[in-house]
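Quick note: the sequence shown uses our numbering, first residue 79, plus one each step.
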Amino acid sequence: HYWTGQTISLFGDQIALLAIPLLAVLTLNADAEQMGLLGAVELAPNLFFAFAFGAWADRRASRRAILIGADLGRAALLLGIPLASLLGVLTMPILYVAAFLTGTLGTLFMVSEQTVFTSLVKPAEYVEANSLLIGSRSVSIVGGKTLGGLLVAALTAPVAIAVDALTFLLSALFVRRAEVPEPPAAPPDSDLAAGIRFIRRTPLLRASLFGTATFNLFNTAFWALLVLFATRELGLGSGAIGIALGVGALGSILGTVWAKRLNARIGLGKALILSFVIAPLPLLLVPLASGPPAVSWVLLTAAEFGSGVGVMILEVGLASLQAAVIPDALRSRVWGAILFVNWGIRPLGALGGGLLAASIGLRPTMWIAAIGGIAGVLWLLPSRMSRVRGVSEDGLAVDPPVVEPEDAPRVPVEV
Numbered sequence: 079h080y081w082t083g084q085t086i087s088l089f090g091d092q093i094a095l096l097a098i099p100l101l102a103v104l105t106l107n108a109d110a111e112q113m114g115l116l117g118a119v120e121l122a123p124n125l126f127f128a129f130a131f132g133a134w135a136d137r138r139a140s141r142r143a144i145l146i147g148a149d150l151g152r153a154a155l156l157l158g159i160p161l162a163s164l165l166g167v168l169t170m171p172i173l174y175v176a177a178f179l180t181g182t183l184g185t186l187f188m189v190s191e192q193t194v195f196t197s198l199v200k201p202a203e204y205v206e207a208n209s210l211l212i213g214s215r216s217v218s219i220v221g222g223k224t225l226g227g228l229l230v231a232a233l234t235a236p237v238a239i240a241v242d243a244l245t246f247l248l249s250a251l252f253v254r255r256a257e258v259p260e261p262p263a264a265p266p267d268s269d270l271a272a273g274i275r276f277i278r279r280t281p282l283l284r285a286s287l288f289g290t291a292t293f294n295l296f297n298t299a300f301w302a303l304l305v306l307f308a309t310r311e312l313g314l315g316s317g318a319i320g321i322a323l324g325v326g327a328l329g330s331i332l333g334t335v336w337a338k339r340l341n342a343r344i345g346l347g348k349a350l351i352l353s354f355v356i357a358p359l360p361l362l363l364v365p366l367a368s369g370p371p372a373v374s375w376v377l378l379t380a381a382e383f384g385s386g387v388g389v390m391i392l393e394v395g396l397a398s399l400q401a402a403v404i405p406d407a408l409r410s411r412v413w414g415a416i417l418f419v420n421w422g423i424r425p426l427g428a429l430g431g432g433l434l435a436a437s438i439g440l441r442p443t444m445w446i447a448a449i450g451g452i453a454g455v456l457w458l459l460p461s462r463m464s465r466v467r468g469v470s471e472d473g474l475a476v477d478p479p480v481v482e483p484e485d486a487p488r489v490p491v492e493v
């Protein structure tokens, strides 16, 4: 039930990921700065609330109830967008508010879901289970973006957003039916900063976090401007963009299939390092695109395909690494700290991308964003990530194994 609910919600997310920017561009005539601000306000709650939400969620007896409440709240907020459009009162400020509140509930959902996941899955099955969940995300990227583009082209963006609201209602229904043996709640006086301290003393978490933050800073700038770049610079319509992203996202499905095989063949750590290069490199094809729209469409599709392969390998590896080394008692607080850094930097990327595009133009900004994303791998190279073979019932399997005294406390191995 949990997996079904997540799959439905992810499918709707991909519809909105395309429909809301298209609504801003095609209906409200948003410019580059406004598009950057729209991306920033949706992601800003990670910066403002992730720490507090993580500590609050760890103290709750039922994280499942938090997931249900967040789904229902997002459904109500998204339904407000087509309603405002129908009444003729929709403006960019209203869209900003809706995006901020939806992002706030999304932050609360994300800091809570990892505790639910690890309560349902054994450690040795983390990679396989994450491949399944992230595989659902891949399928949703293909179907959701394609359907989103077609819905916008045929029935308008507000209708597509209403469909997304329905998916959150269905997700809440299925999560409610999931039987989750949740761990005990943390004490009421549990330390808010414990999550960030745990990351600081766990080198692999620290390196992977800064690597993904660097990648996301530039990648968010890239995606915040992609719809605007594709419509105004490449001459593509909403239907063509949706199909390009949907067909190209088949690479995401391939990435989830390859992730398990690649981890088994070369090890979890080396696969992660490789994915930090594969994910951003194909995006260079987008600012390279010019000439006939058909040629630009092919390059956009190829970029999405190649990047999708790398991103899915990266996400499966990161999720498995984090699930293995973070203790249950700290899980939501550590995730709050991760979201604060990793997702909190995204609004800076979206806003910075919009301001830079307004200053130097769309195409040069897309070049900077695509090239900058490759720098994330530099954080992993000095670390011992390449020694990590995989995940076992005892935590991370490291090569060579770390020998501990028999009476040593059972804590995650720091490598």
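Backbone N, C-alpha and C define an ideal beta-carbon position, used for all residues, glycine too. For clarity, every value in this text was computed on a predicted model and none was experimentally measured.
- DSSP links L474 through a beta bridge to V469.
- Non-local C-beta neighbours of I321 in its own chain, meaning closer than 7 Å and more than five positions away in sequence, comprise T224 and G227, ordered along the chain.
- About 6 Å separates the beta carbons of T245 and S87, which is inside the 8 Å limit, making them a contact pair.
- R411 counts as buried, since at least 16 other C-beta atoms from the protein chains shown sit within 10 angstroms of its C-beta.
- Along the length of the stretch 297–379, whole alpha helix (DSSP H) runs at least 4 residues long occupy 316–326, 328–344, 346–356 and 363–366, reported in chain order.
- Counting along the chain, no alpha helix (DSSP H) covers G451, and no H or E run does either.
- Taking C-alpha positions only, A118 is separated from F418 by approximately 14 Å.
- In chain order, L168 and I172 place their CB closer than 7 Å to the CB of A162, counting only its own chain and leaving out the 5 sequence neighbours on each side.
- In this structure S374 is in contact with L314, their Cβ atoms being roughly 7 Å apart against a cut-off of 8 Å.
- In the three-state reduction of the DSSP assignment, P99 falls in the helix class, which pools H, G and I.
- Residue environment for S437: exposed (fewer than 16 other C-beta atoms within 10 angstroms of its C-beta).
- The straight-line gap separating the alpha-carbon atoms of L408 and G273 is approximately 6 Å.
- With respect to the 8 Å criterion, L283 and V403 are classified as neighbours on the basis of their beta carbons.
- Here DSSP, grouped into helix, strand and coil, assigns V167 to coil.
- L211 and G83 have their C-alpha atoms roughly 11 Å apart.
- Secondary structure of L459 (DSSP, three-state): coil.
- An exposed status is given to A342, since fewer than 16 other beta-carbon atoms sit within 10 Å of its beta-carbon.
- Look at P236 here: in three-state DSSP terms it is helix.
- In this structure, T298 is the residue among W421, A102, P405 and T298 with its C-alpha nearest to the C-alpha of G451.
- R152 and L125 have their C-alpha atoms roughly 19 Å apart.
- The beta carbon of L429 lies closer than 7 Å to those of G114, L115 and A118 in the same chain, with the five residues before and after it left out.
- Linking L157 to G324 through their CA atoms gives a straight-line distance of about 24 Å.
- The residues G226, V230, A235, A238 and I239, in chain order, have a CB closer than 6 Å to that of A97 in the same chain once the five nearest residues on each side in sequence are set aside.
- The beta carbon of Y174 sits closer than 8 Å to those of L115, L116 and V119, all from its chain and outside the five residues before and after it, given in chain order.
- Per the C-alpha coordinates, the member of F296, R279 and L106 positioned closest to I423 is F296.
- T185 sits close to P123, with the two beta carbons spaced by under 8 Å.
- In this structure, the alpha-carbon of L145 lies about 25 Å from that of V389.
- With fewer than 16 neighbouring CB atoms inside 10 Å of its own CB, G166 falls in the exposed class.
- Here G427 is buried: its Cβ has 16 or more other Cβ atoms, across all protein chains shown, within 10 Å.
- Taken through DSSP and simplified to helix, strand or coil, G422 comes out as coil.
- Here DSSP, grouped into helix, strand and coil, assigns I404 to coil.
- The C-alpha of D109 lies about 23 Å from the C-alpha of L363.
- R465 counts as buried, since at least 16 other C-beta atoms from the protein chains shown sit within 10 angstroms of its C-beta.
- For the pair I344 and V455, the CB atoms are not nearer than the 8 Å cut-off.
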